[in-house]
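Structure first, commentary second.
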Amino acid sequence: MSSGYVHIIALRTEVSIRHNTMNETELRYEIVRFCQFLHHKGYLSANDGNISVKLGDGRILITPTGIHKGFLNPEDMVVVNEQGTLLSGTRNPSGELPMHLTVYKTRPDVQAVVHAHPPYCIALSLLQNIDLNGILPEVTLSIGKFCIAPYGRPISQALGDSLYGFIEKNDALILERHGTLTVGKTVAEAYYRTERIEHAAFVLWLAYSLGKPKKLPGPEYKALLDMYESSRS
Ligand SMILES: [Zn+2]
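Heads up: the sequence shown begins at 9 in the working numbering, then just goes up one per residue.
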């Protein structure tokens with residue numbers, strides 16, 4: 009891939025972060041684009057993962073179940089209401105729809121949800137007594153504390169319920185034994201948070217593979233958390 013092409017993709021992504029007034033057709037293409045990013049980055053395999061975005065009037069556009077996200081087409085998406093009832097589309101919505109509905113019910117400020125299976129986040133969620141916080145300052149500034157939502161059975165309401173107590177205050181969650189769930193005001197913003205948390209998980213995995221990472225001094229970590237909290241208010 010040429011550097012010019014990469015530059016164009018970066019520019020388009022920046023535009024989409026600012027642009028939150030896309031129509032439904034544009035949002036269908038936006039979801040396809042970021043599903044391809046998820047697939048190319050290795051954050052999901054085969055039929056894994058799902059993305060949704062609010063359309064307005066209580067309608068939610070979401071990826072369908074049982075389709076490879078690297079080969080998704082704009083017309084494959086389906087529209088559901090806030091109760092999850094299918095409104096339009098020829099396929100069934102993602103089996104992980106309950107997670108998306110929990111987010112939209114709990115966080116009226118959220119416009120888009122990205123769920124993926126990034127391997128380093130999943131691997132860290134399998135370990136006991138591992139401390140991921142107070143080590144990487146830029147991660148603290150951008151996503152606050154690492155939060156691992158407890159296990160909920162995939163493709164069930166239990167998975168949606170597992171988010172309560174976590175999604176209210178966090179824009180980027182690791183799901184125990186499963187993956188990540190990130191939210192934002194646009195699909196792009198939610199996707200960026202997936203990239204950020206997986207990159208941090210990769211760095212922490214490297215560090216723990218070599219020894220025990222050095223922690224930030226306590227007062228510095230608290231100052232960073234305070235900066236994060238004030239940026240959200
Ligand atoms: Zn999943």
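By construction, the Cβ of each residue, glycine as well, lies at the ideal position given by its N, Cα and C atoms.
Because the structure is a prediction, the values reported are computed rather than measured.
For residue i versus residue j, is the C-beta spacing smaller than 8 Å?
{"i": "Tyr128", "j": "Phe210", "result": "yes"}
{"i": "Leu94", "j": "Val40", "result": "no"}
{"i": "Gly152", "j": "Asn178", "result": "yes"}
{"i": "Ile182", "j": "Ser102", "result": "no"}
{"i": "Met85", "j": "Thr71", "result": "yes"}
{"i": "Ala180", "j": "Thr190", "result": "yes"}
{"i": "Arg36", "j": "Leu69", "result": "yes"}
{"i": "His186", "j": "Ile130", "result": "yes"}
{"i": "Ala120", "j": "Ser60", "result": "yes"}
{"i": "Glu184", "j": "Ile163", "result": "no"}
{"i": "Arg115", "j": "Asn89", "result": "no"}
Bridge partners for residue i per DSSP, in chain order?
{"i": "Ala157", "result": "Leu183"}
{"i": "His48", "result": "Note: His48 sits in no beta bridge, so no partner."}
{"i": "Gly64", "result": "Arg67"}
{"i": "Ser96", "result": "Val87"}
{"i": "Ile39", "result": "Note: Ile39 sits in no beta bridge, so no partner."}
{"i": "Ala120", "result": "Val61, Gly192"}
{"i": "Pro72", "result": "Pro101"}
I'd like to confirm something about residue i: is its beta-carbon nearer than 7 Å to some heavy atom of ligand 1, or not?
{"i": "His207", "result": "no"}
{"i": "Gly187", "result": "yes"}
{"i": "His123", "result": "yes"}
{"i": "Pro162", "result": "yes"}
{"i": "Glu184", "result": "no"}
{"i": "Asp169", "result": "no"}
{"i": "Glu104", "result": "yes"}
{"i": "Asp117", "result": "no"}
{"i": "Asp139", "result": "no"}
{"i": "Asp84", "result": "no"}
{"i": "Asp234", "result": "no"}
{"i": "Asp65", "result": "no"}
For residue i, which residues from the same chain have a beta carbon less than 6 Å from its beta carbon, with the 5 sequence-adjacent residues on both sides left out?
{"i": "Pro221", "result": "Ile143, Ala215"}
{"i": "Val147", "result": "Ala208"}
{"i": "Thr202", "result": "Val122, Ala124, Thr188, Thr190"}
{"i": "Leu224", "result": "Gly142"}
{"i": "Tyr229", "result": "Gly142"}
{"i": "Ser239", "result": "none"}
{"i": "Asn58", "result": "Thr71, Ser102, Glu104, His123"}
Ordered along the chain, which non-local residues of its own chain (more than five positions away) have a Cβ less than 7 Å from that of residue i?
{"i": "Gly168", "result": "Pro106, Met107, Leu109, Thr110"}
{"i": "Tyr236", "result": "Thr148, Leu149, Gly152"}
{"i": "Ala54", "result": "His76"}
{"i": "His47", "result": "Lys77, Gly78"}
Can you name, in chain order, every residue of its own chain whose Cβ lies under 8 Å from the Cβ of residue i, other than the five neighbours on each side?
{"i": "Gly50", "result": "Pro126, Pro127"}
{"i": "Asn2", "result": "Look at the range of the chain in this structure, 9 to 241, and you will see that residue 2 is not part of it."}
Hey, would you say the C-beta of residue i is under 7 Å away from at least one heavy atom of ligand 2?
{"i": "Asp179", "result": "Absence of ligand 2 is noted for the structure shown, with ligand 1 being the only ligands found."}
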